[in-house]
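Residue numbers (the numbering used here): 225 to 584. Structure first, commentary second.
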Ligand SMILES: Cc1ncc(COP(=O)(O)O)c(C=O)c1O
């Protein structure tokens with residue numbers, strides 16, 4: 225048994241979870257053990273939904289493991305990485321006792337899941353430097369130690385900050401907190417970045433977990449396929465805490481099709497387009513008088529400070545362009561986050577903002 229299981233809640237370590245009809249290893253050709261209908265729904269043209277799905281569709285699990293460079297046993301598929309975040313917080317944090325550390329401004333679900341579990345939130349703000357928003361590694365380690373953190377969420381590339389965290393910094397946190405906390409590296413945007421995945425740290429640090437998703441670069445947000453990659457024993461525990469049949473058959477079928485070699489080839493081309501557009505839009509926006517600062521980004525969005533963010537938001541909206549208002553987030557009172565679209569859509573952003581420029 226691996227040491228990381230010591231981080232799981234005592235009361236859940238031996239928990240068997242729900243024993244579903246699909247999990248029993250039985251053979252037969254007439255299945256009358258799950259109270260399913262004997263006939264397909266007339267709307268179910270493929271007749272793929274009459275029976276409950278495999279809780280962890282094996283073909284998809286293997287495909288994802290191949291994609292992310294881990295074994296199938298180290299990987300759990302969930303309903304987006306959102307579910308993975310929630311599962312980790314529930315399985316590791318004793319309500320009212322343990323803490324979750326994250327680094328604002330950052331993706332909001334770490335805080336939401338901590339709140340739902342009544343886990344203490346430890347916030348270590350990112351530092352706004354010349355390079356961009358970066359984590360304060362020493363303060364993260366010290367705060368996690370003092371505050372009883374069971375989970376440390378590192379978002380790389382960070383949403384909305386945009387920058388990747390160098391692997392040696394992730395390793396420094398994992399090394400310092402071994403035996404105390406699981407370091408969860410959220411790599412939702414990793415396909416757009418150059419930094420290697422923290423999956424490579426798993427062999428040496430059983431207190432590292434990595435989150436990946438098909439929602440961003442793979443264009444399957446509505447299929448809700450996210451994964452957590454971690455120590456195989458921890459994955460078994462998380463599976464027992466998960467809903468009985470989390471992955472709908474149409475979603476796993478679509479995900480497999482979306483990861484075929486021809487689909488992956490197209491996806492890689494689109495990632496290259498996003499990266500080129502990221503440079504083009506960043507450069508173009510930086511030259512605008514209405515823009516105070518455009519942050520460097522390793523992801524598929526740009527974080528932009530405006531002289532008048534309200535005017536920029538409303539101007540874009542009037543032109544039919546909806547961007548993410550970040551002004552309520554700490555340190556971002558004048559910022560909007562703009563997802564990179566097609567080159568034509570990005571031109572619409574630039575055109576719309578032209579109306580904010582002073583007359584020549
Ligand atoms: C950093 C980060 N993690 C996770 C998610 C959730 O992704 P999923 O669709 O896999 O639940 C998002 C979505 O915006 C995100 O920005």
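Beta carbons are placed, not taken as given, at the ideal position from N, Cα and C, and that holds for glycine.
Within 6 Å of ligand 1: residues by beta-carbon to any heavy atom:
Working through the chain, the matches are 304, 305, 306, 331, 379, 383, 410, 412, 437, 439, 445, 450.
With three or more C-beta pairs closer than 8 Å as the rule, is the segment 411-422 touching the segment 461-476?
Verdict: no, contact absent.
For residue 365, is the classification buried or exposed, using 16 other Cβ atoms within 10 angstroms of its Cβ as the cut-off for buried?
Position 141 of the chain shown, counted from the first residue, corresponds to residue 365. Residue 365 is buried by the Cβ-count criterion.
Can residue 479 and residue 435 be called in contact, C-beta distance under 8 Å?
If you number the chain shown from 1, residue 479 lands on position 255. If you number the chain shown from 1, residue 435 lands on position 211. Result no, Cβ atoms of residue 479 and residue 435 do not sit closer than 8 Å.
Neighbour-count burial assignment, residue 343, 16 or more Cβ in a 10 Å radius:
One-based indexing of the chain shown puts residue 343 at position 119. The residue is buried, with at least 16 neighbouring Cβ atoms inside 10 Å.
Nearest neighbour of residue 319, chosen from 374, 549, 272, 287 [CA to CA]
Within the chain shown, the letter at position 95 stands for residue 319. Closest option to residue 319, judged by alpha-carbon separation, among 374, 549, 272, 287: 374.
Just confirm the distance between the C-beta atoms of residue 368 and residue 405, as a whole number of angstroms; I'd bet it's less than 8 Å.
Residue numbering aside, residue 368 sits at position 144 when the chain shown is read from its first letter. Residue numbering aside, residue 405 sits at position 181 when the chain shown is read from its first letter. Their Cβ separation, rounded to whole angstroms, is 5 Å, which keeps residue 368 and residue 405 in contact under 8 Å.
When the Cα atoms are used, what is the spatial distance from residue 381 to residue 408?
In the chain shown, residue 381 corresponds to position 157, counting from 1. In the chain shown, residue 408 corresponds to position 184, counting from 1. When rounded, the distance between both Cα atoms is 13 Å.
C-alpha gap between residue 558 and residue 358, whole angstroms
To locate residue 558, count along the chain shown from 1; it is residue 334. To locate residue 358, count along the chain shown from 1; it is residue 134. Roughly 19 Å between the two C-alpha positions.
Would you kindly check if the distance between the Cβ of residue 301 and the Cβ of residue 312 is under 8 Å?
Within the chain shown, numbered from 1, the residue matching residue 312 stands at position 88. Within the chain shown, numbered from 1, the residue matching residue 301 stands at position 77. No. Outside cutoff.
For residue 481 and residue 463, the rounded distance between their alpha carbons
Position 239 of the chain shown, counted from the first residue, corresponds to residue 463. Position 257 of the chain shown, counted from the first residue, corresponds to residue 481. So the two alpha carbons sit approximately 24 Å from each other.
Could you have a look at residue 492 and say whether DSSP puts it in helix, strand or coil?
Taking the chain shown and counting its residues from 1, the one referred to as residue 492 is at position 268. DSSP, read as helix, strand or coil, puts residue 492 in helix.
Can you tell me whether DSSP reads residue 356 as helix, strand or coil?
As a working note, residue 356 is residue 132 in the chain shown. DSSP, read as helix, strand or coil, puts residue 356 in coil.
Scan the segment 387-439 and note each continuous beta strand (DSSP E) run of 3 residues or more that stays entirely inside, going in chain order.
Listed in chain order, the complete beta strand (DSSP E) runs (minimum 3 residues) inside the segment 387-439 are 406-410, 432-437.
Quick one: any contact between the segment 508-517 and the segment 484-493, if contact means 3 or more CB pairs under 8 Å?
Here the segment 508-517 makes no contact with the segment 484-493; the two share fewer than three CB pairs at distances below 8 Å.
Using the beta-carbon count (16 or more within 10 Å), is residue 235 buried or exposed?
By 1-based counting over the chain shown, the position of residue 235 is 11. It is exposed - the Cβ of residue 235 has fewer than 16 other Cβ atoms within 10 Å.
Given a threshold of 16 other Cβ atoms within 10 Å of its Cβ, counted over all protein chains shown, does residue 282 qualify as buried or as exposed?
Numbered from 1 along the chain shown, position 58 holds the residue referred to as residue 282. Exposed, by the Cβ-count rule.
What three-state label does DSSP hand residue 322 in the structure shown?
Along the chain shown, one-based indexing puts residue 322 at 98. Secondary structure at residue 322: coil, using DSSP grouped into helix, strand and coil.
Through-space distance from residue 451 to residue 529, alpha-carbon basis:
In the chain shown, residue 529 corresponds to position 305, counting from 1. In the chain shown, residue 451 corresponds to position 227, counting from 1. Straight-line Cα distance between these residues: approximately 33 Å.
Would you mind listing the beta strand (DSSP E) stretches within the segment 548-575 that are 3+ residues and don't spill past its ends, in chain order?
With a minimum length of 3 residues, the continuous beta strand (DSSP E) runs that stay inside the segment 548-575 are 559-563.
Under 8 Å: do the segment 389-398 and the segment 250-261 share three or more Cβ pairs, one atom per stretch?
Contact fails: fewer than three Cβ-Cβ distances are below 8 Å.
Identity of the residue in 514, 543, 245, 415 nearest residue 497 by Cα
Taking the first residue of the chain shown as position 1, residue 497 is located at position 273. Per the Cα distances, 415.
Residue 379 by DSSP, collapsed to three states: which one?
Taking the chain shown and counting its residues from 1, one reaches residue 379 at position 155. Looking at residue 379 - three-state DSSP - the assignment turns out to be strand.
Got a sec? Which residues, its chain only, sit under 7 Å from residue 467 by beta carbon, not counting five neighbours each side?
Numbered from its first residue, the chain shown carries residue 467 at position 243. Nothing listed; no residue qualifies.
Sequence-distant residues of its chain with Cβ nearer than 6 Å to residue 531 (five each side left out):
The residue given as residue 531 occupies position 307 in the chain shown. Apart from the 5 residues on each side of it in sequence, residue 531 sits with its Cβ closer than 6 Å to the Cβ of 514, 516 in its chain, given in chain order.
Should residue 541 go down as buried or exposed, given a rule of 16 or more other Cβ atoms within 10 Å for buried?
Position 317 of the chain shown, counted from the start, is the residue given in the question as residue 541. Label assigned to residue 541: exposed.
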